[in-house]
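Chains as they are written, first to last, in the working numbering: chain A, 1 to 333; chain B, 1 to 333; chain C, 1 to 333; chain D, 1 to 333.
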């Protein structure tokens, strides 16, 4: 349900409408355009039906959203959503670069070293995959690595959650939660991250249609969390690696108000492909990129698609030029 | 087989080696780098084995190519192939825009009108699909349309061939032949276009792996026609439309010396997607784009992904900026 | 177009209607049911429209077929088509076993030896793949092998055609032509086999939908050849081998009147899978099986999915029991 | 780890080895063959390495399993696993028929009525999908329906679990838990059902390879629950419905000791296809079938692939004959 206020509505009238809805237990999304205010209601609105919302002062009309993935649709929110958290903004004019660090060597300074290099290159966040903290919480090593990188760089951390029990644990150290491709259909986890106050990166399931993906996003929003970022990272077809569906970016931009990022690693057999996908992602209109990185001075390459800091020194300027060609820029450092 | 001449080889030595090979019935590809000359032998080289080619004057070494798609591989030809024909060049510094015209209305001036508009926008070729000339040759209307567009624009024509019998017919009016996705596995047609002196655009089969595609390209070259252009236009997966495999572009650039173009229509459900794919294609490194076009002042849109001349007026400048960001430029008008 | 005669129509009336249609250059399919005769017109019937066929004596009504793959559809031919040729019958009560022989060793007696063994096991045809006769006709060795097997067994031969030029050559020795998966979209070849008087096995393209497959079958029939056998042999998905779409059998039986066979080799990684697919094929309702075979006493296994004569001695009795469970039987020896 | 006892080992020796392992906190799988006893250790055996198990009396040798999905592999358990629960046995000589009931009308007697009819037809279990009990437990209506069907038929109930929190709730009324295709990659749920004492039907993920599927089964067994039943029900390819991978049945039978059932609904567009898949499943070697059913006298068909009791009266005898042809029989009533 979308409540469209009159252009002439006063602040008091708008506040009264907000209060009317929130006091009944609903979460709202307030959309301010140049002209008017709109109030979206995130949850199932059946209990609101029959109430005289359209006759409250200042209300122009009440729009009922019939799209199957309604809360994720452009019909529900005509303006682009910008997800903000801990200094990170995804979805606006800037394009966010996110470094993805895996197979972290037993070196307390590693994460801080990679993080500093990435920050200098203009990256705005760090996705960290620990090999073993899935259930038991962070080890001393992991805790210290995170403290180090935070102190040195201040970069917000993205981390994957694979079960609802684990969400609280990960919220303690991550600014952004990530639901991986293999969990996209997992309704318990989807509900749980919907109740979180942290933004959620939602990867597309390996064989999920765009509609199924937006339905999962809708379920997160319906729990009250509008801060969903869609991440295209490849679908299963007949080749040995996943195929990056580059058309998902313009397709989502038409169907949904949510920001879209492209993961450059999953579908890339090697560095050249990772770079090609990164460039194509920006040109297709993505709001951010997730790039597999490693620091060649401190560890060896673990996966073919990982880019070294030196590789990034070559790539990022080209990405900057492509962003400019698209009338955008890489997010500020 | 690749015969690498010494850097110090004289022109006479090189000519003698060429003569040695061609006089035995083989077609050669002469590759001149800054430093030296290399002579590739296109056909099956079994009859050459045992001959003392490596002891001819000026020969440094003879490299036998073991790659399954050898003649299409980078091993065979270390430099990028630039396909040239009738003023068109695909594969060098420039990026070629090719307009694809279908469902041509009964209007003798239509093709010339679209062609003139495209030429002004910097397009370098026109792909024309007649609905009914598959077997019987061109109708008067088609002939006149072609004459008109040729006189007004001089743009080279690309046309599809779907059977070996039809090749001669199409060669009479097209500067470039096109083997469509559904014919990629058709060995008779592949052999036949290999014997043509016209360049060949080879679309990827709907479920062809990159290796199978390069094997088909190899078969064309093995007949003596090195002027092959690979066209990625989407593969079959679980979504209703084909999925453009954007990674095919950097993947092919690593594996092959052949130019690569991206078809922006097959995988695009609508205009926005066609534009997104066009931009992504350039950023991924494509040497050209095929874009479905129509002239809104003379006919109605027949397919959702067709762009009008007005749409192109908005799109082409962005493509130009993206090309510049990639250190390239759109092919000159 | 389907012309339904009255139940009371006389033979003379029926003959007159047939003559009326064929004298105008059309090929007809005469369907005799217990009750009445129906006359199907195979080609594009536009020139017949407007003619007073429905007022000819004995005609009850004229049904226009609107299905996209009309001539291949059940609407066009309500009874099952039985394809008969050289003693082979596919599509009736019996289930035909077809042995597929590849990589034939240089042994004149090999084919006759395999053929004899297969004939004793109840097979009704032999598919022979020569490695090198694609264009140049049969070698002496191939000719002698065929003579031997024909003399010893009388089994009809199936052979693949990959180009329209090759059809005449193959017709000279094969009772049944086969259009392989990679040629299914090849319209020149499809037209050409439609003009043949030999039956055609039409394999499904690797990524062809069932509708596209029936459209190709329709094109063969539209040229006048109703003797089309559909062969499901696996589609491309994300596993390394093709996936046999077993549901294609009941799906085709509902949509089409044409017989359906299952190729047990393409989607089978090994013998156990080939046997499993063979059994499943019969239970799903297939009218025949194509099985990769070799004679272990005269050559070694070339592909994992090939069954030896000994393997078949175990398998065929189980297939016979499954056929009986389905109310059918393996075709008579 | 698999501990193979000597053929001559005494019961005391075997008991001592079992005690040695279980007293260290491990779960074991005791495999009795005609000849000897083998003791499989289900969990990660790192803590057992270095212990002198191979020198305990009666031990012939200790086999370390290196297969990636080791506990699910034939190497680990050379004999077929038969999963038994509440009178149900899946994996032995019999073939189990499981009715799948969805969209249950508001009729307390519905489930009992369907269950009685199915029991008379020889079905051995009932899969029940409630629309709304996912999180909150059973409603009064659901509870009463279950009591009714249990009293009238005694059929064991299968029910889906979609989150680890929900497992305890479902265990209270279901004899067998089911992990659906969309949850196959969900590691929290997989672990949790591994800790259950109820058998688990594990559906294949929509784009899961056979290896990934067996890895998920391995994870369940590694938690101590060997009673895993694999359910093939279709994979995503380019057709609108899923494609049943019939070859998965023989492929799994070679790779794994676990029983395999085929779901006849997911990949079937209608009744004829559901019947075709059911028959093919038995012929391919499946140990059971899951069939969508409804009672036409009490409700209307909700999905095209649902079979009525009358449809089953025709189908089941054919399934019985096919089972006999395979040397098996439908599980006893």
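We treat Cβ as the ideally placed atom computed from N, Cα and C, and that holds for glycine.
Every value quoted in this text rests on a predicted model; they were computed, and no experiment measured them.
Within the stretch 275-313 of chain B, complete alpha helix (DSSP H) segments of at least 4 residues are not found at all. A distance below 8 angstroms between beta-carbons, with the five flanking residues on each side excluded, links residue 31(B) to the following residues of its chain, in chain order: 37, 38, 39, 40, 77, 78, 79. No Cβ-Cβ contact shorter than 8 angstroms links residue 117(C) with residue 162(B). Runs of the beta strand (DSSP E) lying entirely within the stretch 130-207 of chain B and spanning at least 3 residues, in chain order: 157-160, 176-179, 200-203. Taking a beta-carbon distance threshold of 8 angstroms, residue 236(A) counts as an interface residue toward chain C. Proximity of chain C to residue 186(B) at the Cβ level (cut-off 9 angstroms) is accounted for by 162, 163, 182, 183, 185, 186, 188, 189, in chain order.
The CB of residue 207(C) comes closer than 7 angstroms to the CB of 206, 207, 236 in chain B, given here in chain order. What residue 245(A) touches in chain B, judged by beta-carbon distance under 7 angstroms, is 243, going in chain order.
In the DSSP assignment, residue 126(B) falls within the unbroken beta strand (DSSP E) covering 125-128. Under the three-state reduction of DSSP output, residue 223(A) falls in the coil class, being neither helix nor strand.
Bounds of the alpha helix (DSSP H) holding residue 248(C) are 248-255. Within the same chain, and ignoring the five residues on either side of residue 251(A) in sequence, the residues whose Cβ sits closer than 7 angstroms to its Cβ are 210. In this structure residue 157(A) is not in contact with residue 288(A), their Cβ atoms being roughly 15 angstroms apart against a cut-off of 8 angstroms. In the DSSP assignment, no residue is bridged to residue 216(D). Here the stretch 90-110 of chain C lies against the stretch 292-300 of chain C, with 3 or more beta-carbon pairs under 8 angstroms apart.
Going by beta carbons, residue 4(B) and residue 63(B) fall inside the 8 angstroms limit. Exposed is the label assigned to residue 35(C), since fewer than 16 other Cβ atoms lie within 10 Å of its Cβ. As far as DSSP is concerned, residue 9(B) takes part in no beta bridge.
Three or more Cβ pairs closer than 8 angstroms define a contact, and the stretch 260-267 of chain A meets that threshold against the stretch 227-235 of chain A.
In the DSSP assignment, residue 116(B) falls within the unbroken alpha helix (DSSP H) covering 110-120. Our two residues, residue 248(C) and residue 151(B), have alpha carbons roughly 52 angstroms apart in a direct line.
Rounded to whole angstroms, the separation of the alpha carbons of residue 326(B) and residue 205(C) is 39 angstroms.
One finds 246, 276, 277, 279, 280, 283 in chain C with Cβ atoms closer than 9 angstroms to the Cβ of residue 284(D), taken in chain order.
If you check each beta-carbon in the stretch 248-272 of chain C against every beta-carbon of chain D, the ones closer than 8 angstroms belong to 249, 250, 251, 253, 254, 267, 268, 269, 270, 272. The beta carbons of residue 198(D) and residue 331(D) sit no closer together than 8 angstroms.
About 7 angstroms separates the beta carbons of residue 195(B) and residue 225(B), which is inside the 8 angstroms limit, making them a contact pair.
Residue 229(A) and residue 146(A) have their C-alpha atoms spaced approximately 23 angstroms apart. Under DSSP, no beta-bridge partner is assigned to residue 70(C). If you draw a straight line from the Cα of residue 11(A) to the Cα of residue 311(B), it is about 41 angstroms long. Within the same chain, 58, 60 come within 6 angstroms of residue 6(C) by CB-CB distance, once the 5 residues on both sides are set aside. The beta carbon of residue 96(A) does not come within 8 angstroms of any beta carbon belonging to chain B, so the residue lies off that interface. By the beta-carbon neighbour count (other beta carbons within 10 angstroms, threshold 16), residue 72(B) is buried. Here DSSP, grouped into helix, strand and coil, assigns residue 96(A) to strand. DSSP places residue 58(D) in the coil class of the three-state scheme, outside both helix and strand. In this structure, the alpha-carbon of residue 45(C) lies about 25 angstroms from that of residue 254(C).
In the DSSP annotation of this structure, residue 102(B) is not part of any beta strand (DSSP E), being labelled neither H nor E.
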